[in-house]
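Novice: First, the structure itself, so that you have it in front of you.
In my numbering, the protein residues as written are 51 to 257.
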């Protein structure tokens, strides 16, 4: 079926030689992606969730210690001291777990896009959103061979893995579909990160 991708998505995909935060360059705010519920249904929980997302989106790769990366990423954020400290501790605890930290490790051919805005249209149906993080792995000829869609959630402290995947399966599927249109040559994978429990969940038995 015919699919169209807006320039919001095309620009980051084409300018793959530059490792930068394209959402800021394209004039989009640094608010977290759609579907973020925070650490609960309360206003405090939503503020905490937003703060944790802001820290995560500022980390391109973890170079050196996790604590240094989190400290740099949280510098200058304007949240209450208590909320910021809780968010920093939560993110640092998550990144200290190898399977979470692996999503932030630099490797050859890897380009990271953070708070990635997209707008796609297929068979007359339009969809738009903002993906927390996409790790795109390029081959030596500059073609994207694999793209990993990564979504962070801070509201999963009391939820099982199956509950988390069920709750966010539609969102992940939507992101995966968008990524397949933006990077049509790449194998698309998804990772749902339960930040509160420091776990990486993959739908449908993905690796």
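A virtual CB, placed ideally from N, CA and C, is assigned to each residue, including glycine.
Do residue 197 and residue 184 come within 8 angstroms of each other at the CB atom, strictly closer than that value?
Specialist: The residue given as residue 184 occupies position 134 in the chain shown. The residue given as residue 197 occupies position 147 in the chain shown. Taking 8 angstroms as the Cβ cut-off, residue 184 and residue 197 qualify as a contacting pair.
Novice: Going by Cα to Cα distance, which pick from 109, 128, 126 and 127 is closest to residue 119?
Specialist: The count along the chain shown starts at 1 and reaches residue 119 at position 69. It is 109.
Novice: If you drop the 5 nearest sequence neighbours on each side, which residues of the same chain put their C-beta closer than 8 angstroms to that of residue 83?
Specialist: One-based indexing of the chain shown puts residue 83 at position 33. Residue confidence for residue 83 is low, a pLDDT of 39 falling below 50, so the modelled location carries little weight; the figure read from the coordinates is stated next. These residues qualify, in order along the chain: 103, 165, 179, 180, 181, 182 and 201.
Novice: Give a yes or no on whether the C-beta atoms belonging to residue 222 and residue 253 are separated by under 8 angstroms.
Specialist: For the purposes of this step, residue 222 is identified with residue 172 of the chain shown, where counting begins at 1. For the purposes of this step, residue 253 is identified with residue 203 of the chain shown, where counting begins at 1. It is a contact, given that the beta carbons lie within the stated cut-off.
Novice: Report the start-end ranges of each beta strand (DSSP E) in the segment 125–209 that is 3 residues or longer and not cut off at the edges.
Specialist: Complete beta strand (DSSP E) runs here, min 3: 160–172, 175–188 and 194–203.
Novice: Considering only heavy atoms of the ligand ZN, does any lie closer than 7 angstroms to the CB of residue 149?
Specialist: As far as ligands go, the structure on display features none, and thus does not contain the ligand ZN.
Novice: Alpha carbon to alpha carbon, what distance is there between residue 126 and residue 156?
Specialist: Position 106 of the chain shown, counted from the start, is the residue given in the question as residue 156. Position 76 of the chain shown, counted from the start, is the residue given in the question as residue 126. For residue 156 and residue 126, the distance between alpha carbons rounds to 25 angstroms.
Novice: Does the beta-carbon of residue 99 have 16 or more other beta-carbons within 10 angstroms, so that it is buried, or is it exposed?
Specialist: Taking the first residue of the chain shown as 1, we reach residue 99 at position 49. So residue 99 counts as buried.
Novice: Give the straight-line distance between the Cα atoms of residue 114 and residue 145, rounded to the nearest whole angstrom.
Specialist: Here residue 114 refers to the residue found at position 64 when the chain shown is read from its first residue. Here residue 145 refers to the residue found at position 95 when the chain shown is read from its first residue. Each residue's Cα considered, the two are about 12 angstroms apart.
Novice: Taking 8 angstroms as the limit between beta carbons, can you name the residues of its chain near residue 117, skipping five residues before and five after?
Specialist: Start at 1 with the first residue of the chain shown, and residue 117 comes out as number 67. Correct list, in chain order: 142.
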